[in-house]
Amino acid sequence: MIDQIFGVWNYWIVFILMMIGLYIVISKKSLLKKIVGLAIFQTSVFLLYITFGKIAGGTAPILTDNVNEIYSNPLPHVLILTAIVVGVATTALGLALTVRINKAYGTINEDEISASDLVEYHEKYLEDKN
Amino acid sequence: MIGEIIINAFLVTLMLTIAIFIINTRKVISTILLTGTYSLVAALMFVSLDAVDVAFTEASVGAGISTILFLAALSYLPKEEKEEKFNLKHIYAICTCTIVSGLLIWASYDLPLVGQLENPAHQHLAQDFIEGSRNHIGIPNVVTSILASYRGYDTFGETVVIYTAGIAVLVLLHDGVSKISKINKEKK
Numbered sequence: 001m002i003d004q005i006f007g008v009w010n011y012w013i014v015f016i017l018m019m020i021g022l023y024i025v026i027s028k029k030s031l032l033k034k035i036v037g038l039a040i041f042q043t044s045v046f047l048l049y050i051t052f053g054k055i056a057g058g059t060a061p062i063l064t065d066n067v068n069e070i071y072s073n074p075l076p077h078v079l080i081l082t083a084i085v086v087g088v089a090t091t092a093l094g095l096a097l098t099v100r101i102n103k104a105y106g107t108i109n110e111d112e113i114s115a116s117d118l119v120e121y122h123e124k125y126l127e128d129k130n
Numbered sequence: 001m002i003g004e005i006i007i008n009a010f011l012v013t014l015m016l017t018i019a020i021f022i023i024n025t026r027k028v029i030s031t032i033l034l035t036g037t038y039s040l041v042a043a044l045m046f047v048s049l050d051a052v053d054v055a056f057t058e059a060s061v062g063a064g065i066s067t068i069l070f071l072a073a074l075s076y077l078p079k080e081e082k083e084e085k086f087n088l089k090h091i092y093a094i095c096t097c098t099i100v101s102g103l104l105i106w107a108s109y110d111l112p113l114v115g116q117l118e119n120p121a122h123q124h125l126a127q128d129f130i131e132g133s134r135n136h137i138g139i140p141n142v143v144t145s146i147l148a149s150y151r152g153y154d155t156f157g158e159t160v161v162i163y164t165a166g167i168a169v170l171v172l173l174h175d176g177v178s179k180i181s182k183i184n185k186e187k188k
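Those sequence lines, one after another, are chains A and B.
Going by this note's numbering, the first residue of the first sequence is number 1, and it counts up by one from there.
Going by this note's numbering, the first residue of the second sequence is number 1, and it counts up by one from there.
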């Protein structure tokens, strides 16, 4: 029974974490917070993959002299190693964009950015009209 | 066995708590530090799931470098978020997320239980890689031998991605940073 519950507990928490990340990305106005939301989503996906690779009673996939040793599945580990590093690259790119947007608009709040865009369009429209 | 399960459950629940705190913090510095903590707890989680290589990468890259990047970006950004009123958009977002997580949790009953040796994920490639690492490549760390040999092209692609991202960041910030500091000086 306890095995049954904890056998899916990891999955449940991972799914809830994913949705918390998604919620932050959708609902928060601050661009920096959105990047944090993406990071949360990302880490939860890593956790899902590593959970798939786990074998109860196994050890880390580093070979020992014992031939009958059970090793956890190394393939998800490799995929996630690649993903972690790529994740940091995308975070860096997102932060650079945010810094650039802050320089151009003076704010990183989504609503204020689109408002100042609207004002600009309106001024241009008035100019064209005259 | 039971101890392992309890540690697992405790760590994931800790991650959940931190993530919930991140939603509502408005001070950017606490958001960043909580994110770093979240990554560190994830690294502990990876250790308990036998993924030691992933754990030290997550601890150094996820919790270390990305926190530093966030702090560096913070020095150019506003230090506090604007207060947001709870509106219809938030309700839509909550509904979407609740429905999707409900569906995913429902689907999780079809997933194999964690840690069973007969799970489909363990049936095909993994055994070949472990044997190949012992007999053909001769490196005791299986993850390293897959990373550098069996899936070497993957790692090459990763390097290309990092290079591209590095170039893009340099291009974006090239005149940006110097001009920002100029503007700041003029303001003073």
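Each residue gets a CB set at the ideal place from its N, CA and C atoms; glycine is no exception.
**Report entry** Spatially closest choice to I84/A from E186/B, F46/B, A73/B, by CA coordinates
**Finding:** Among E186/B, F46/B, A73/B, the Cα nearest to that of I84/A is on F46/B.
Report task. Examine chain A for any beta-carbon lying closer than 7 Å to the beta-carbon of D50/B, and answer yes or no. Result -> Taking Cβ atoms only, chain A reaches closer than 7 Å to D50/B, which makes this a yes.
Query raised in the report: Is there contact here, the stretch 18–30 of chain B with the stretch 14–30 of chain A, by at least three beta-carbon pairs under 8 Å?
Result: Enough Cβ pairs lie closer than 8 Å, so yes.
Requested in this report: Pull up the CB-CB distance for L111/B and I16/A, whole angstroms please, since I reckon it's below 8 Å.
Outcome: No, L111/B and I16/A are not in contact; Cβ-Cβ is about 15 Å, not under 8 Å.
Report task. Please confirm if N68/A has its CB atom under 7 Å from at least one CB of chain B. Result -> Chain B contact via Cβ: absent.
Query - Cβ neighbours of S145/B in the same chain (closer than 6 Å, five flanking residues each side left out) - result: The beta carbon of S145/B is closer than 6 Å to those of S133, I137, I139 in its chain, skipping five residues each way along the sequence.
Query raised in the report: From E110/A to K103/A, what does the alpha carbon distance come to, in whole angstroms?
Result: When the Cα atoms are used, E110/A and K103/A turn out to be separated by approximately 14 Å.
**Report entry** Reference I65/B, options L31/A, A60/A, G87/A, V45/A, closest by Cα
**Finding:** It is G87/A.
Query raised in the report: Any idea which residues DSSP pairs K33/A with across the strands?
Result: Paired residue(s): none; K33/A is not in a bridge.
**Report entry** Beta bridge counterpart(s) of N109/A as assigned by DSSP
**Finding:** Its beta-bridge partners are S30/A.
**Report entry** Contact list for V78/A against chain E, beta-carbon separation under 7 Å
**Finding:** Absent from the structure is chain E; the protein chains it does hold are A and B.
Report task. Give the range of the alpha helix (DSSP H) segment to which T98/B is assigned. Result -> DSSP places T98/B inside the alpha helix (DSSP H), whose first and last residues are 88–107.
Query raised in the report: For G7/A, which of helix, strand or coil comes out of DSSP?
Result: Reduced to three states, the DSSP call for G7/A is helix.
**Report entry** Span of the alpha helix (DSSP H), counted from its first residue to its last, around L117/B
**Finding:** That residue, L117/B, is in no alpha helix (DSSP H); it is neither H nor E in DSSP.
Query raised in the report: Which residues in chain A sit within 7 Å of E58/B, going by Cβ to Cβ distance?
Result: Chain A residues near E58/B: I84.
Query raised in the report: Whose Cβ in chain B lies nearer than 9 Å to the Cβ of L32/A?
Result: By Cβ distance, chain B contributes V28, T31, I32, F70, A73, L74, L77, P78, E81.
Query raised in the report: Three or more C-beta pairs closer than 8 Å, one from the stretch 58–76 of chain B and one from the stretch 56–74 of chain A: is that the case here?
Result: The stretch 58–76 of chain B vs the stretch 56–74 of chain A: no contact.
Query raised in the report: Under a CB-based cut-off of 7 Å, is I26/A close to chain B?
Result: So, interface residue.
Query raised in the report: For I55/A, which residues does DSSP report across the bridge?
Result: Here I55/A is bridged, per DSSP, to G115/B.
**Report entry** Per-residue contacts from S114/B into chain A (C-beta, under 7 Å)
**Finding:** Residue identity differs from the one stated: residue 114/B is Val in this sequence, not Ser. Near V114/B (Cβ distances below 7 Å), the residues of chain A are G7, N10, T51, K54.
**Report entry** Which listed residue (V28/B, I32/B, T37/B, L33/B) has its alpha carbon closest to that of V12/B
**Finding:** Nearest C-alpha to V12/B: T37/B.
Requested in this report: Could you work out which residues of chain B lie near V45/A, taking near to mean beta carbons separated by less than 9 Å?
Outcome: By Cβ distance, chain B contributes nothing, its closest Cβ being about 11 Å from V45/A, past 9 Å.
Query raised in the report: What is the DSSP secondary structure of E80/B, reduced to helix, strand or coil?
Result: Three-state DSSP puts E80/B in a strand.
Query raised in the report: How big is the Cα-Cα spacing for L75/A and V143/B?
Result: Using only the alpha carbons, I get a separation of about 7 Å.
Requested in this report: Check whether the Cβ atoms of A73/B and L95/A lie closer than 7 Å to each other.
Outcome: Closer than 7 Å, so yes.
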